[in-house]
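Notes for the one structure printed next.
Number of protein chains: 4
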Amino acid sequence: MSLHIEPSSPDPIYRQIVGQVARMVAAGQCPPGTRLPSVREVAAAHAVNPMTVSKAYAQLEAQGLLERQRGKGMVVAAQAPASRSIRDRLQALAPALEEVARQAGQLGLEEGPVIEALRQRMQNENREQ
Amino acid sequence: MSLHIEPSSPDPIYRQIVGQVARMVAAGQCPPGTRLPSVREVAAAHAVNPMTVSKAYAQLEAQGLLERQRGKGMVVAAQAPASRSIRDRLQALAPALEEVARQAGQLGLEEGPVIEALRQRMQNENREQ
Amino acid sequence: MSLHIEPSSPDPIYRQIVGQVARMVAAGQCPPGTRLPSVREVAAAHAVNPMTVSKAYAQLEAQGLLERQRGKGMVVAAQAPASRSIRDRLQALAPALEEVARQAGQLGLEEGPVIEALRQRMQNENREQ
Amino acid sequence: MSLHIEPSSPDPIYRQIVGQVARMVAAGQCPPGTRLPSVREVAAAHAVNPMTVSKAYAQLEAQGLLERQRGKGMVVAAQAPASRSIRDRLQALAPALEEVARQAGQLGLEEGPVIEALRQRMQNENREQ
DNA sequence: GTGGTCTAGACCACC
DNA sequence: GTGGTCTAGACCACA
């Protein structure tokens, strides 16, 4: 359960954390009960204000993905939709795919080259991990 | 030259306009001289603040994609790099593809289903047009 | 749409705001589209930090009760469950009733005196308004 | 003398314990000398940190409701104001009633349905015991 | 004008 | 040790 934060990203830090945790939970990489790094740990590790991390955790709790264990920290919620089906996870990916399709259409690009470009990106992604 | 605006989208309205016009010009769908709908027309059609549309047009003018013709409104600039190569246009698509690849990785999705989902989205996109 | 804030209350200010707005929306006192006082107005009126108010509004937005109109402020959401039925509103009251029933049971109190006490409280409440 | 603990409740565990014991003593359901379950028993039975239970007992001792008997644990204090008058016990219930009245007002609910709902809750409460 | 984000630091409550 | 709340103040993005 390690987080990657990009301080210069257009989208805010707290949302980066929310997104990453949500996807990892959805992918089943964090079964219910998994303990998250404490607010202070994350804040120190990434040189970020604790409140920023706290805000992300609060939002994840509101979404029902995390649970607070008083005095102990946050854990992945018991009712968290762990390891959702491929179909469900594709649905989580839908907005990003939609954006690609729309932009590709406006750019007058055909299916072939776009798919090929995506394939390459995904292979790079796997190599990096 | 019709615009699609999503008021509830996470990215701001003015940027939606800039992005769409830029992509359509790059695709050669609007040859130099093509007249754009007036600020007032766009504002009225989409119930948007005219200043927002104006800001988008101003930004496109600054990028050299549009020209202001006195009394006539904005037109696609003569020096606009119309119909850029596929390679160039794919590069414009890169950030969106990057985002898909990253999220797919975090969701633990394989290449196959993702590519298939994108293919379907793109075919829908074409049908709608 | 005026808010009442009790700084010395055990439950936090931002939650007081959330609760009040939610109940007023549920009661149909604020039809969809009603504009809320701006963050800065509320903050100034109650000598509270703007972030505290902002936090409340953000939470109400996450619950789907409010919508952000960019540059204009927050309004009651179109899909907000306006003027819910008495049955629904009683359900919103359930936790508080539950608490009374539990405590009354532990105090060994009969139904009669408790109901009478509640009746008096509610009449006081109405007089104050 | 059995306790009911709600780990997910908004109010803290130690306060739940304090409240319940105080109300049961006030109701005369536990005459002076009644032995309370040991810290370890309560902690084990409810999967709660022993320190939390201990803190609750300490607070009740400070209030004069419990006494520590060496080697035997906590018992209800001799000077505990057992079986207080109905009037006194209603006063202990006042904050909860206040909360119901306030929320009902904001929800635009009339006295009738609220009283009826409370009546039902209290009858359920009695049946469960 | 609107809300959003982040920081630094203080204090509290709970376990 | 944990997270929560609030403040004061700065800066940004949007309309």
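Protein chains in written order, with the numbering used here: chain D, 569 to 697; chain H, 569 to 697; chain B, 569 to 697; chain L, 569 to 697. All residues carry an ideal CB built from backbone N, CA and C; glycine is no exception. Computed from a predicted structure; not experimentally measured.
In the structure shown, B/Glu678 adopts coil according to DSSP, grouped into three states.
According to the DSSP secondary-structure assignment, D/Arg636 is paired through a beta bridge with D/Met642. Taking 9 angstroms as the cut-off, the Cβ atoms of L/Ala669 and B/Leu665 do not count as close. With fewer than 16 neighbouring CB atoms inside 10 Å of its own CB, L/Gly601 falls in the exposed class. Less than 9 angstroms divides the Cβ of B/Val589 from the Cβ of B/Ala624. In its chain, beyond the 5 residues on either side, Ala645, Gln647 and Ala648 have a beta carbon closer than 8 angstroms to the beta carbon of D/Gly632. Pairing H/Val616 with H/Pro575 gives a Cβ-Cβ distance under 9 angstroms. Beta-bridge annotation (DSSP): B/Arg603 is paired with B/Val643. For B/Pro618, the uninterrupted alpha helix (DSSP H) segment begins and ends at Pro618 to Ala630. Across the segment 609-633 of chain D, CB contacts with chain B closer than 8 angstroms involve Gln627 and Ala630, in sequence order along the chain.
Nearest neighbour of D/Leu677 by Cα position, chosen from H/Arg695, H/His572 and H/Arg591, turns out to be H/Arg591.
When the Cα atoms are used, B/Ile573 and B/Ile581 turn out to be separated by approximately 7 angstroms. In the three-state reduction of the DSSP assignment, D/Gln597 falls in the coil class, being assigned neither a helical nor a strand state. Residues of chain D whose Cβ lies closer than 7 angstroms to the Cβ of H/Gln588 are, in chain order, Gln674. Assigned with DSSP and collapsed to three states, B/Asp579 falls in coil, not helix or strand. Between D/Ala672 and H/Glu693, the C-beta gap is smaller than 9 angstroms, which places the two residues in contact. Spatial neighbours of D/Thr620 in its own chain (CB-CB distance under 6 angstroms, excluding positions within 5 residues in sequence) are listed in chain order as Ile581 and Tyr582. Annotated three-state conformation of B/Glu574 is coil, per DSSP.
When Cβ-Cβ separations below 9 angstroms define contact, B/Met592 makes contact with chain L. Relative to the Cα of L/Glu667, the nearest Cα in the group B/Arg689, B/Gln674, B/Ile683 and B/Leu658 belongs to B/Arg689. A straight-line Cα-Cα distance of about 54 angstroms links L/Arg687 and D/His614. Sixteen is the threshold: since fewer than 16 other Cβ atoms of the shown chains lie within 10 Å of the Cβ of D/Arg638, the residue is exposed.
Within 9 angstroms of the CB of H/Glu667, the CB atoms of chain D belong to Ala664, Glu667 and Val668, in sequence order along the chain. For H/Gln584, the CB contacts under 7 angstroms within the same chain, skipping 5 residues up- and downstream, are Ile573, Glu574 and Ser577 in chain order.
Secondary structure of D/Pro663 (DSSP, three-state): helix. Against H/Glu574, chain D offers no close residue; the least beta-carbon distance is about 10 angstroms (beta-carbon pairs closer than 9 angstroms).
Measuring C-alpha to C-alpha distances from L/Ser570 to each of L/Pro599, L/Val643 and L/Pro605 identifies L/Pro605 as the nearest. Distance between H/Leu628 and H/Leu634, taken at the CA atoms: about 6 angstroms.
A check of alpha carbon separations from H/Leu661 across D/Val643, D/Ala660, D/Ala662 and D/Gln674 identifies D/Gln674 as the nearest. CA-CA distance, L/Arg608 to L/Pro618, rounds to 6 angstroms.
Residue environment analysis places D/Ala630 among the exposed positions, since fewer than 16 neighbouring C-beta atoms fall within 10 angstroms of its C-beta.
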